[in-house]
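Using the working numbering, read the sequence shown as starting at -15 and increasing by one per residue. In this text, a Cβ means the ideal position worked out from N, Cα and C, and glycines have one as well.
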Amino acid sequence: MSGLFVTGTDTGVGKTVFAALLVRWLRRRGVDAVPMKAVQSGAAAEDPAGDAARLLRAAGVTVPKEALVPYAFRAPLAPAVAADKAGVRVELGRILAAYQALRRRHRHVVVEGAGGLMVPIAGDILIVDLMERLGLPAVVVARSGLGTVNHTLLSLHLLRARGIPVVGVVLNDGPHGEPDPSAEDNPRLIERLGGVPVLGRLRTVPEGPKPDAPRMPSGAPPDRATEEAFGEAERTLREAEAAFDEAALAMLEAEVDLSAIVRALEGREGR
Ligand SMILES: Nc1ncnc2c1ncn2[C@@H]1O[C@H](COP(=O)(O)OP(=O)(O)O)[C@@H](O)[C@H]1O
Ligand SMILES: [Mg+2]
-15 MSGLFVTGTD
-5 TGVGKTVFAA
5 LLVRWLRRRG
15 VDAVPMKAVQ
25 SGAAAEDPAG
35 DAARLLRAAG
45 VTVPKEALVP
55 YAFRAPLAPA
65 VAADKAGVRV
75 ELGRILAAYQ
85 ALRRRHRHVV
95 VEGAGGLMVP
105 IAGDILIVDL
115 MERLGLPAVV
125 VARSGLGTVN
135 HTLLSLHLLR
145 ARGIPVVGVV
155 LNDGPHGEPD
165 PSAEDNPRLI
175 ERLGGVPVLG
185 RLRTVPEGPK
195 PDAPRMPSGA
205 PPDRATEEAF
215 GEAERTLREA
225 EAAFDEAALA
235 MLEAEVDLSA
245 IVRALEGREG
255 R
């Protein structure tokens, strides 16, 4: 297998953070891995505030925009709805081609989805349909606290029904880090009832103040002034994120069973 699909139980659960750090970790070990964002909404492809740009900054790599994020919409809506409003028809074929283009040039591609499994990306095509077509093993990122057993088991149920192999679940305390007494028992419950390993739990890493990044004005392509503003925002964000990324990477190494992920990437996990 040549890649991994990072999905989640919801939006905001930590897919981007996990995918970005995983690529960063792999690259530090000399493994040629790159990130991809299958479809992005809420930010244009170049927006420093978008997931695609965040993935590149944390991973410390450059990837051509067309392959990194084959579709991006400014509206903060489900991709299928955002595409409709932009008058664009999302084709699974273009996303698959972008993945293949990255695969030809790199050893591993870590693909981040959008939201959870049943988020529509085009008409009635869902993220899980794209996953089935890509045929990659999945990591499910989920909240660590109360409510996660339900969301995680539902997600695992659907993945199993579709025959999508699951490497495991990564639980994430998220940005707020409120104490949650359920978080202690959730890993065991998920493993027992979901039948997949919980690879680990990410605790809250303090985030420094994040500068507001400029957004792409409508009527792209960007002019010179916008490009310069983006460049400046990228530099500021990179500096603001540096401490977070290092601390989060150390936690990822300490708390998450990355060897299971490496085995899946290397295709040594027999199916
Ligand atoms: N363990 C964590 N500690 C601190 N902040 C986190 C942690 N996990 C996620 N975050 C923050 O929470 C927000 C949502 O995470 P993100 O990875 O973007 O979620 P998703 O990709 O699933 O929408 C981001 O601002 C991210 O930096
Ligand atoms: Mg994300």
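Note the first and the last residue of the continuous beta strand (DSSP E) segment covering residue i.
i, result
"Met115", "From DSSP, Met115 is part of no beta strand (DSSP E) but of the alpha helix (DSSP H) over 111 to 118."
"Thr(-9)", "-13 to -8"
"Val95", "92 to 96"
"Ala126", "122 to 127"
"Ala17", "17 to 21"
Classify residue i: buried if its beta carbon has 16 or more other beta carbons within 10 angstroms, exposed otherwise.
i, result
"Thr(-7)", "buried"
"Arg255", "Only weak support exists for where Arg255 lies, its pLDDT of 40 falling under 50; the coordinates are left without a value."
"Lys21", "buried"
"Leu177", "exposed"
"Lys69", "exposed"
"Val179", "Residue 179 is actually Gly in this sequence, not Val. Gly179 is exposed by the Cβ-count criterion."
"Ala122", "buried"
"Pro171", "buried"
"Asn156", "buried"
"Gly77", "exposed"
Just reading off the alpha helix (DSSP H) that residue i is part of, what are its end residues?
i, result
"Val246", "242 to 249"
"Pro104", "No alpha helix (DSSP H) contains Pro104, which is instead part of the beta strand (DSSP E) from 104 to 106."
"Ala37", "35 to 43"
"Arg8", "-1 to 12"
"Arg88", "76 to 89"
"Ala67", "63 to 70"
"Ala59", "Premise fails: Ala59 is in no alpha helix (DSSP H) and is neither H nor E."
"Ala51", "49 to 52"
Using CA atoms only, rank isn't needed, just tell me which of the options is closest to residue i.
i, options, result
"Leu110", "Val246, Leu143, Val153", "Leu143"
"Pro193", "Arg222, Leu242, Val93", "Arg222"
"Glu225", "Ala238, Ile245, Glu250, Glu191", "Glu191"
"Pro198", "Gln24, Arg13, Pro32", "Pro32"
"Val125", "Leu249, Arg185, Ala248, Val246", "Arg185"
"Glu230", "Arg8, Glu239, Glu212", "Arg8"
(message) Suppose only complete runs of 4+ residues qualify. What are the alpha helix (DSSP H) ranges in the segment 134 to 221, listed by chain order?
(response) If we require 4 residues or more, the alpha helix (DSSP H) runs fully inside the segment 134 to 221 come out as 170 to 178.
(message) With a threshold of 8 Å, are at least 3 pairs of Cβ atoms found where one atom belongs to the segment 99 to 108 and the other to the segment 60 to 68?
(response) yes
(message) Give me the pocket residues for ligand 4, defined as CB within less than 6 Å of any heavy atom, sorted by chain position.
(response) With respect to small molecules bound, the structure shown includes ligand 1 and ligand 2 and not ligand 4.
(message) Measuring CB atoms only, is the segment 9 to 18 touching the segment 87 to 94, in the sense that at least three cross pairs come out at less than 8 Å?
(response) yes
(message) For the pair the segment 203 to 221 and the segment 162 to 176, tell me if three or more CB-CB distances fall below 8 Å.
(response) no
(request) Flag this pair as touching only if the segment -12 to 6 and the segment 110 to 124 have three or more C-beta atom pairs under 8 Å; answer yes or no. (result) yes
(request) May I ask you to verify whether the segment 48 to 57 touches the segment 233 to 243, counting CB pairs closer than 8 Å and requiring at least 3? (result) no
(message) For the segment 2 to 9 against the segment 35 to 43, do three or more pairs of beta-carbon atoms, one drawn from each stretch, fall closer than 8 Å, so that the two count as touching?
(response) The segment 2 to 9 makes contact with the segment 35 to 43, as at least three CB pairs between them are under 8 Å.
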